[in-house]
Each structure stands twice: as structure tokens, then as C-alpha cells.
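Numbered according to the numbering used here, the sequence shown spans residues 22 to 721.
All C-beta atoms in this analysis are idealised placements derived from N, C-alpha and C, irrespective of residue type, glycine included.
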Amino acid sequence: MKKRFLSLIIALAMMVGVFTPLLSSAADEKTETVTLHKLMMDKATLDAWDFNQVEKDGYNGTQNLDQLKALNSLAGKDIKEIPNVYFALKFAADYKDATKAGKYVKADAADKLKPVEPLEATDNIDEAVGGLTTPNGVVFKTSALKGNFEMDEIHEKSTYKGENGETLTDMKAVPVKITLPLVNDKGVVPNAHVYPKNTEEKPDTHKDFTKEFTKEHPNGRTDEQKNEAAAEPHNVGDVIDYTVTTKVPAKTKWKTAFWDDKTTEGLTFIQRKDATAENKLEGKGITVKYDGKEMDATWYELSETENGFTLKLTETGLAEIAKATEDKVIRLDYHAKVNEKAVVDIPESNDVSFHYGNHKDHGTTPVPNKPNDNGELTVTKNWDTGVAKKDVEFTLYNAQTGKIVEAKDVEAVEGYEFKNPVTITAGDTMSYTWKGLNKNIEYKVEEKYNGYSAEYKKGDAGQITVKNYNDENPKPINPTEPKVVTYGAKFVKTDAEGKRLPGAEFVIRNADKKFLTGTDADRTAYETAQKAYEDAIKAYNALEADKQTKEERAKIAKLEKARDDAWNATLQDMTQWNGATKDDKNNIKLTSNELGQFEIAGLAPGKYTLVEVKSPEGYALPTNAEFEFEIKADGTLTVMNIDFGVKDDDKADNALQVINKKVTIPQTGGIGTIIFTAIGLAIMASAIIAIKKRQATEAR
Numbered sequence: 022m023k024k025r026f027l028s029l030i031i032a033l034a035m036m037v038g039v040f041t042p043l044l045s046s047a048a049d050e051k052t053e054t055v056t057l058h059k060l061m062m063d064k065a066t067l068d069a070w071d072f073n074q075v076e077k078d079g080y081n082g083t084q085n086l087d088q089l090k091a092l093n094s095l096a097g098k099d100i101k102e103i104p105n106v107y108f109a110l111k112f113a114a115d116y117k118d119a120t121k122a123g124k125y126v127k128a129d130a131a132d133k134l135k136p137v138e139p140l141e142a143t144d145n146i147d148e149a150v151g152g153l154t155t156p157n158g159v160v161f162k163t164s165a166l167k168g169n170f171e172m173d174e175i176h177e178k179s180t181y182k183g184e185n186g187e188t189l190t191d192m193k194a195v196p197v198k199i200t201l202p203l204v205n206d207k208g209v210v211p212n213a214h215v216y217p218k219n220t221e222e223k224p225d226t227h228k229d230f231t232k233e234f235t236k237e238h239p240n241g242r243t244d245e246q247k248n249e250a251a252a253e254p255h256n257v258g259d260v261i262d263y264t265v266t267t268k269v270p271a272k273t274k275w276k277t278a279f280w281d282d283k284t285t286e287g288l289t290f291i292q293r294k295d296a297t298a299e300n301k302l303e304g305k306g307i308t309v310k311y312d313g314k315e316m317d318a319t320w321y322e323l324s325e326t327e328n329g330f331t332l333k334l335t336e337t338g339l340a341e342i343a344k345a346t347e348d349k350v351i352r353l354d355y356h357a358k359v360n361e362k363a364v365v366d367i368p369e370s371n372d373v374s375f376h377y378g379n380h381k382d383h384g385t386t387p388v389p390n391k392p393n394d395n396g397e398l399t400v401t402k403n404w405d406t407g408v409a410k411k412d413v414e415f416t417l418y419n420a421q422t423g424k425i426v427e428a429k430d431v432e433a434v435e436g437y438e439f440k441n442p443v444t445i446t447a448g449d450t451m452s453y454t455w456k457g458l459n460k461n462i463e464y465k466v467e468e469k470y471n472g473y474s475a476e477y478k479k480g481d482a483g484q485i486t487v488k489n490y491n492d493e494n495p496k497p498i499n500p501t502e503p504k505v506v507t508y509g510a511k512f513v514k515t516d517a518e519g520k521r522l523p524g525a526e527f528v529i530r531n532a533d534k535k536f537l538t539g540t541d542a543d544r545t546a547y548e549t550a551q552k553a554y555e556d557a558i559k560a561y562n563a564l565e566a567d568k569q570t571k572e573e574r575a576k577i578a579k580l581e582k583a584r585d586d587a588w589n590a591t592l593q594d595m596t597q598w599n600g601a602t603k604d605d606k607n608n609i610k611l612t613s614n615e616l617g618q619f620e621i622a623g624l625a626p627g628k629y630t631l632v633e634v635k636s637p638e639g640y641a642l643p644t645n646a647e648f649e650f651e652i653k654a655d656g657t658l659t660v661m662n663i664d665f666g667v668k669d670d671d672k673a674d675n676a677l678q679v680i681n682k683k684v685t686i687p688q689t690g691g692i693g694t695i696i697f698t699a700i701g702l703a704i705m706a707s708a709i710i711a712i713k714k715r716q717a718t719e720a721r
């Protein structure tokens, strides 16, 4: 019995001797590397992805991408690998060392893809094992790792952007959960491959007049339709309603999202603080809706000025929209008022851009500005610290029409060739000046997208700066904006022989028999500026030819601008057609100047009537002192029979002539006096005839 027991012990010892090297070998086996491949596919492929079926087809953690795509369930699918997505290594929540669980694995100081030894945990993402994917993945060095780990996708460190501005949305197998060493049915996998998956989608932003958003056209008009459409005509004082919609793809995880809106100077953005009944603007403040309901005020921050707004989603708002499992729409409704700076026949617009992505963004909407008095506009290029300078291309646009400025649109300047667009070569000083521009028009400069975000700022007249930041976000979405325009009419007061007459006063009546009013329409400043302008012209014309210098003409131009500014100020409250009679104290009165000129701006197309309320000195007020005029859809008058200037050559008639007859017989009574005089003259004539007949009879 003892011999049998001894034999059994010896046999067991021999077995231990045989298997010990095998057990030791298994215990020492490691997964040396884990290569993470970031896959991109369309939504249908992602939704249909069945991991269990992929495993049945043969996936075991060893396949590279080509081998993975050859599996039966994935054959023929449009699957690609993408670079520039950042992943960091983390101890899993159930990691055996509770002091490390849920924290990042600290990286070796010399190699960001290798853990420090012995293993340490960190809460600082910048200290963690991690890196960006390449077109062939990112290789983590994992030989020192045993236990449960995660590979987390870090949006704020990712720099991926789709070709058309798409960002990463829905995902599967993120974070990647893995037990190391990785073991399959054949044993430990020394070099493993894992495949987190994403779809990508771009947000969609539209802008138009609110009335254009209908059931049939939920996004308003197309950009092409808006480009082809004429500017919509309005009166000064009209309130224009705008809508912007942005479709947010399901499961979008942005770190920044904001709308930036800028108006040209002929439009005043209506701020919430001004949207009151007292201002007759009740309900005209900006409203924000998410999925058809008013958005929670904690979801966004709003900054407003009279020139536009910036509305930015907060961290709370970004977190909330990330929860959506289907596409949602954010809708902004806001309003702008046509103001006194609107120039006749020149469209006004407000331009919105939507900025989004996985990083903080400094970008803004291109800001309009006017040239200086010499017709020059300079763009200056600046760079944020650490951003490598490069050549940049700028294009000049008419901010009010949205059209690219061409050579035919500018005045010729001696020694200067107009170019647009222009390229500025990288250097210490980067700027360019366009010349020959219209000083009454606002322009904007747009930088060709170069991968950096662009911050536009407006300086003094004729100055725009553009600063680049390396924000690694997609190019902002800038939908075509609709345009509005205001028209007006010019008149010249003359006598029957064409002599120009000053001092006539008129009011304007619309087709509804109401008179144009403006309670603050004080003409004193305008009349003073107008007289100074006229006196300067007279003085200039009196100079000898050699003294009519450029400097003297510049003085006149300055006075002309002061007069125009004073005129615009009188139109500030030209907002209502409230006058019941021609004598209403609030009616806006137009007075002819020394050249017989007077005009009205800020009218929409339609039929109107000039009503003369005071005639020039020495002239009679017509019995029916009314003169009808009509503004056509293109902004011109149906009748234009005189040049608004003083060169009446019938070649450039652009105004309506209003004629008065000179008083030749003092009129001290009304129609009764005229009738009485006529009867008296008839009686006198009869008496003379009778006397002559009697004299003839006596002569016989």
C-alpha cells in the first residue's frame, strides 16, 4: 500500500514537472499592443452593425481593417478608417485597484502611448496615455497592463473634420472596453486590433424672411432663389421679420455651437430690452425654440447690440442636445427695423453664420464697414500666438447686395489697378488696400477658409482686421441672406419758365389718404447744413479757375456729407402714416432749397401725393395744390421730367418737376372777388358800348 501511494506521489510530481513550464508560459504571455482603428460609415450601416454576427463570421481581435471588411456580414459595406480622433486610456470602473478605478492611465514622460511603470492614475487628460488616430489607427503599448481598461474618445482633443464640415455623431463600441491581456479561443492575442465606430453628419442652417418658412417650404427659399430674388422694398420704420433654422443631427456631441449675426447700417436689430409696447415693438425680441418648444434659458447665452447678436449654447445646452436620439431643429426668430441710414436704391441685409465643432471657437461673421472719405478700405491680417503664418486670400463683397465687387463697380484711380480677390503673402506686415470704392456703401471682406477660424473686427472708416486662430473646427455655415431695400423720390420746384424756386413746403399722403408723420423731425440742423453747403458752392463758383483747387472741392464734399447726415437724422422717426389732414403738426414737411430741390427717402413702391402747404415767396398756391407721383417696383418714378441737378439737358432726368405760377395780380379775396370783378368789367364794357352808340346817333 505504501508503495502504491509513493508511486502516485511520484507520478503527480512528474506531471507537475511537465505542466509547470506551460503554466508559467501562459502567465507570462502579454498583449504587447492594441491598435485602435476609428471607423466611419453611413448611418444605415452603423444601425445594422451586429457585433455577435461579426464574431460568428470570425472576428477575434487579430484582424486588420482589410481582413475585417472581408468578413461575410461586412462584405461590400462602405467602411473607411479616419485619422485625427483622440483616444485616451483609462482604468475601468471595476478595476481591481479601487484607488485607480475610473481614472486615466498616466503616460510615460518619453512616450505618450506607453504607461508609466509602475502604473499610476491621473485625472489630468494631458498626462494620460493617449493620442490621435492616423489613417492606420493609433498603437497603444499595453505589455504592462493587466485587468479591465477603457479607451475613451476625447472630443475636445480630436481634430477630425469631414470634407464638407461634418462632425462625428452617432457611435458604437465607444468607449472601447477591453480586458488585458486579450485572450481568444486560440490563446493570448499579442497584437490586438479594436474598432470603435462612428457616423458623421453636418448640421444644416437656413435663413430667410419668416413668411417664407411654410409647410411646403420648411427651410424657406433656396440660396439660389434668394440670390435671384430682387430686394424686398420697405419704408423707413418698417420692421422686418427673420427666421434661422439649424438642424442638429442626432447624438451630436459638440463643444461649441453659436450663431453670429451682423446687420448693415440701414437696419437696426431689435433687442429684447427695446421690444416693448411703449416702443410699438411688443413681441419683437428674439425667440429661441428647440424641437418646436421654447428653449430653456439656461441652455444659451445671448449678447445683443443694435448691429446684431451672438447666441451661444452653454455647456448645459450642449449636453442636452447630445442626448437626442433623433435629429432636432433649433429655430431663431428675430426682427430688425429699417432705419434712417438706409440709402435709397441700396439693399440692406443682415448676415448670419453658424459656428460649431469640438473646440472653443473664436470665429465671427464678416463685419460690414464703409471706406474712408478717399474711397479706400484696408484689410489687416493678424495671427494668434503660435499660429503659423501662411499666404491668405481675401475677397471684397458689397455687404448690402452680397455680390463680389468687380472693377466696373469702382472708380478708376490713377496708378492703381483694382483686383479682387487678392492674395497677401505671409510676412511681418500683412495688409491690402482697395481704392476707388463708393464711400456711401458698406463692404465686407471674407477670408478663404484655410483651416483656421477667422475673427473679423471693424475699425474706423476704411479699416477691417481679420485674426486667425487654430481652433480645429469646421468651416462655419453661412446661408445666403435675404435683402430689403428702400426707395425715394426727388423733386424740383420751378415756375412755368423753369426757374428754380426755394421755400415751397410739401407734405406727403399715401394711397390710404394718410399723411407721413415724424414727431421728432426737426429740420433746423438740416436747414443750417443745407445753407452752409449752398453758400460753399456759390463761393467756389465765384473763385477764379486757378483757385478752384482739390482742397476747396474737399471742403464742399465735407459739407455735403454733413448735410446728408443732418437729413438722415430728420428721418429717424419717420415711422407712421398717422396724419389725418395736411395741417397735422406732426406731418413731415419737405422744403425746396435754393436750387428748388427737395426729396424724400425711405418709401416703398406705390402711389403717393405731394400736397403743397406753402408756396414760394411771390407765387400763388395752386387751387388744387396736389401732385401725384408713383414709385415703381424698381425704385424709379413713373414720371421723371427734370434733372435733379442743375444741368437740365434732358439726358439724365431723374426727378419730377413741380410747377408754380407767379402772382401777376394781387389777390385780396376768394372766388367771390373774381366773380365780382368779372361782372364789374362786363358792366363797364356795356356802358362803353352804349356811350359809343349814343355818340354815333348824335353825329348823324
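Nearest C-alpha to Asn212 among Gly480, Asn169, Ser164: Ser164. One alpha carbon belongs to Gln246, the other to Glu502, and they sit about 11 Å apart. Shown here, Glu463 sits in coil according to DSSP, grouped into three states, outside any helix or strand. Between the region 438-453 and the region 342-357 there are fewer than three inter-stretch CB-CB distances shorter than 8 Å, so the stretches are not counted as touching.
A residue is called buried when at least 16 other Cβ atoms come within 10 angstroms of its Cβ; Tyr470 does not meet this threshold and is exposed.
Take Val197, set aside five residues on each side of it, and the residues of its chain with a beta-carbon closer than 6 Å to its own are Met172, Val215, Pro217, in chain order. Residue pairing from DSSP places Gly329 in a beta bridge opposite Lys283, Thr326. Burial check for Arg521: the Cβ neighbour count within 10 Å reaches 16 or more, so the residue is buried. Taking a 10 Å sphere around the C-beta of Leu642, we find fewer than 16 other C-beta atoms and assign the residue as exposed.
Straight-line spacing of the CA atoms in Lys534 and Asp229 works out to 33 Å. Boundaries of the beta strand (DSSP E) harbouring Glu102: 100-102, taken from the DSSP string.
For Leu642, there is no enclosing beta strand (DSSP E), as DSSP marks it with neither H nor E. Excluding five sequence positions before and after Glu573, the CB atoms of its chain that fall closer than 8 Å to its own CB belong to Tyr561, Leu564, given in chain order.
Under a 10 Å Cβ-count criterion, His238 is classified as exposed, with fewer than 16 other Cβ atoms of the shown protein chains found around its own Cβ. Membership of Gln246 in the alpha helix (DSSP H) is indicated by the continuous run 244-249. In the DSSP annotation of this structure, the continuous segment of the alpha helix (DSSP H) that includes Asn562 starts and ends at 545-563.
Going by DSSP, Ala343 is part of no beta strand (DSSP E) but of the alpha helix (DSSP H) stretching over 336-343. Under the 10 Å beta carbon count, Pro139 is surrounded by fewer than 16 other beta carbons and is classified as exposed. Of Lys653, Lys440, Asp674, Ala654, the smallest CA-CA separation from Met661 is found for Asp674.
Proximity to Ala252 across Asp366, Leu67, Pro389, Ala433 peaks at Asp366, based on C-alpha coordinates. In the DSSP assignment, Gln84 falls outside any beta strand (DSSP E) and carries neither an H nor an E. In the DSSP assignment, Ile621 falls within the unbroken beta strand (DSSP E) covering 618-624. The criterion of a C-beta distance shorter than 9 Å is satisfied by Asn491 and Tyr473. Contact between Ala122 and Phe112 holds: their C-beta atoms lie close to 6 Å from each other, under 8 Å. Non-local C-beta neighbours of Trp455 in its own chain, meaning closer than 6 Å and more than five positions away in sequence, comprise Leu398, Leu417, ordered along the chain. Taken in chain order, the complete beta strand (DSSP E) segments of 3 residues or longer contained in the region 149-233 are 151-153, 159-162, 168-174, 188-193, 197-201, 212-215, 218-222, 225-230. A residue is called buried when at least 16 other Cβ atoms come within 10 angstroms of its Cβ; Gln569 does not meet this threshold and is exposed.
If you ignore the 5 residues before and after Ser374, its C-beta comes within less than 7 Å of the C-beta of Asp281, Thr386, Pro497, Ile498, Asn499, all in its own chain and listed in chain order. Nearest in C-alpha terms to Leu134, of all of Lys178, Val55, Lys167, Tyr181, is Val55. A residue is called buried once 16 or more other Cβ atoms fall within 10 Å of its Cβ, and Asn608 is buried on that count. Within the same chain, Ile680, Lys682 come within 7 Å of Ala517 by CB-CB distance, once the 5 residues on both sides are set aside. In its chain, beyond the 5 residues on either side, Pro495 have a beta carbon closer than 6 Å to the beta carbon of Lys182. Look at Trp598 here: in three-state DSSP terms it is strand. With fewer than three CB-CB distances shorter than 8 Å, the region 424-440 does not count as touching the region 408-415. In this structure, Lys504 is the residue among Lys504, Thr644, Gly656, Lys571 with its C-alpha nearest to the C-alpha of Asn248.
A residue is called buried once 16 or more other Cβ atoms fall within 10 Å of its Cβ, and Gln88, having fewer, is exposed.
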